[in-house]
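K.L.:
Residue numbers (the working numbering): 45 to 247.
#1: With distances taken from CA atoms, which of 190, 184, 161, 136 is nearest residue 63?
#2: Straight-line CA distance for residue 49 to residue 220?
#3: Just to confirm my understanding: we take residue 106, look at its own chain, exclude 5 residues before and 5 after, and list those with CB closer than 6 Å. What are they?
#4: In the DSSP output, which residue or residues are listed as bridge partners for residue 85?
#5: Measuring only the C-alpha atoms, how far is residue 227 from residue 170?
#6: Give a yes or no on whether 7 Å exceeds the smallest Cβ distance from residue 89 to chain C.
#7: Below 7 Å between beta carbons: does that hold for residue 181 and residue 189?
#8: Hey, could you find the ends of the alpha helix (DSSP H) residue 216 is sitting in?
#9: Less than 7 Å separating the beta-carbons of residue 223 and residue 236?
#10: In this structure, does DSSP put residue 179 in helix, strand or coil?
#11: Give me, in chain order, the residues of the same chain whose beta-carbon lies closer than 8 Å to that of residue 80; leave out the 5 immediate sequence neighbours on both sides.
#12: Give the range of the alpha helix (DSSP H) segment to which residue 133 is assigned.
#13: Below 8 Å on the Cβ atoms is my contact criterion, and I expect residue 152 with residue 98 to pass it. Report the Cβ-Cβ distance as a whole number of Å.
#14: Please name the residue in 101, 104, 70 whose C-alpha comes closest to that of residue 89.
#15: In three-state DSSP terms, what is residue 117?
#16: With C-beta atoms as the reference, is residue 77 less than 7 Å away from residue 87?
Here you go:
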């Protein structure tokens with residue numbers, strides 16, 4: 045059953061999807077999280093990748109606070125120690141490990157041609173698993189990609205861990221079926237499920 049949400053939530057979802065599309069198309073966008081958070085973030089592809097790495101096993105709010113701190117700096121020029129401080133100050137869990145992941149991701153980002161394909165991202169960037177790579181792709185405008193955390197899996201009535209690529213693809217296929225049956229994209233369904241749980245539309 046599709047969660048019931050307010051028109052305010054639905055409008056925020058539509059706005060967020062447009063922001064994702066702009067980020068993928070132009071390489072930059074402004075995210076507006078009002079009225080849920082008093083927060084706007086100027087994002088680009090690099091800071092979005094850093095955000096997606098930061099949110100693994102941590103909270104979206106902490107990741108947003110970290111990404112906000114990157115607005116006025118060139119993230120590709122930050123050393124590990126500075127990244128670690130920014131992550132820690134934002135309340136991101138496992139900040140030491142993630143600082144290394146983000147540092148090396150930024151080095152590689154500037155040296156290789158980025159392919160917006162999930163398997164490519166997982167193989168090239170340490171700290172990105174299938175879920176985190178899917179998160180980055182969804183946030184850059186890919187509407188048929190599922191971010192399968194335990195909340196989404198529980199909603200789908202599936203086992204709570206996708207420990208293999210095969211299981212992840214099977215669960216994603218199930219979510220695509222549900223989204224198609226309801227006349228919406230996977231990205232829209234994902235935001236709808238999360239907003240029903242949290243009463244907010246983040247990313």
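All C-beta atoms in this analysis are idealised placements derived from N, C-alpha and C, irrespective of residue type, glycine included.
P.N.:
In this structure, then:
#1: 184
#2: Using only the alpha carbons, I get a separation of about 20 Å.
#3: Within the same chain, residue 106 has close Cβ partners 134, 135, 136.
#4: DSSP lists 75 as partners of residue 85.
#5: The alpha-carbon atoms of residue 227 and residue 170 are separated by roughly 35 Å.
#6: The structure shown contains no chain C, having only a single protein chain.
#7: Yes.
#8: 209-225
#9: It is not a contact, given that the beta carbons lie outside the stated cut-off.
#10: helix
#11: 56, 243, 244, 245, 246
#12: 124-134
#13: The Cβ separation is near 17 Å, so there is no contact.
#14: 70
#15: Residue state, collapsed to three classes: coil.
#16: no
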